[in-house]
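Report on the structure given below.
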Amino acid sequence: MTTKQCVDASGNVAAFYHPVRGYYALRALKYFPVNAVVQVFSAHEQLEQPTYLSVQIGDDKHIHLFPDCLQYTNHSCEPNTFFDTEKGEVVALRAIHQNEELTFFYPATEWSMNQPFQCVCHTPSCLGVIQGAAHLEDTVIINYRFSGYIQKKLEQRRAVSGG
Ligand SMILES: [Zn+2]
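Each residue of the sequence shown is one higher than the last, beginning at 8 in this note's numbering.
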């Protein structure tokens, strides 16, 4: 198994290549209790247009994460982490075991993705096509935690729809 270590010296996470599936996955290198900060992050660079690796922090504001290996965090419809883009923290949504894959819910930070994809997380609550928070039903939204930016967008949408 090939390991791609984080630049960060915390020793909290590392990206591993999965030779059979053909992609990288981020894994916890230690146990994290619920609400623990798994990894702190900052913006490696800021972009006006998203890439398939970027995280959205505002209208026309997208960042590439540092440490770089966080870009290998895969999406899950039942994520175990939340990327708090205001605090710059990856937070454990539940207890995470050592070596467990870390996942996050892409619509938690992405409003409308220009590269939607068919989710293969195989969790019971899998939503199928993932294309950003703008495309989620209210009944789905209540199940997730969203970044400050996405919360604001959802409130604006509610105000427009008179809800
Ligand atoms: Zn899914």
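Heads up, the beta-carbon is just placed ideally off N, CA and C, and yes, glycines get one too.
Straight-line Cα distance separating residue j from residue i
i    : j    : result
S83  : V136 : 12 Å
A141 : A102 : 29 Å
A115 : F39  : 21 Å
K65  : F73  : Here residue 65 turns out to be Gly, not Lys, going by the sequence shown. Approximately 18 Å between the Cα atoms of the pair.
Q56  : D67  : 6 Å
D75  : A22  : 10 Å
Y30  : E117 : 21 Å
V20  : V27  : 21 Å
L143 : Q53  : 26 Å
Y156 : A166 : 16 Å
G169 : H25  : 47 Å
K80  : D145 : It is worth fixing the name first, because residue 80 is Thr in this sequence and not Lys. If I take the Cα positions, the gap works out to 25 Å.
R34  : Q125 : 22 Å
N87  : Q163 : 27 Å
C128 : S17  : 28 Å
K37  : N150 : 27 Å
S61  : K94  : 17 Å
Beta-carbon proximity list for residue i, same chain, < 7 Å, skipping 5 on both sides
i   : result
E96 : V44 and V47
V89 : With the sequence shown as reference, residue 89 is identified as Phe, and Val is not the correct amino acid for it. Excluding sequence neighbours, F89 sits near V98, L100, F111, A115 and R152.
Any chain D beta carbon closer than 8 Å to residue i
i   : result
V45 : The structure shown contains no chain D; it holds only a single protein chain.
8 Å Cβ cutoff met for residue i and residue j
i    : j    : result
H69  : Q63  : yes
C85  : A32  : In the sequence as displayed, the identity of residue 85 is Glu instead of Cys. Not a contact, by the Cβ cut-off of 8 Å.
T92  : S49  : no
L134 : I148 : no
M120 : Q138 : yes
Q122 : Y59  : yes
Close Cβ partners of residue i (< 8 Å) along its chain, the five nearest in sequence each way excluded
i    : result
P131 : E85
H51  : I70, H71, L72, F73 and D75
V41  : A99, L100, R101 and A102
Y113 : H82, M120, I137 and G139
- Report all residues for which the CB-ligand distance to some heavy atom of ligand 1 is below 5 Å; order them along the chain. C84, C126, C128 and C133
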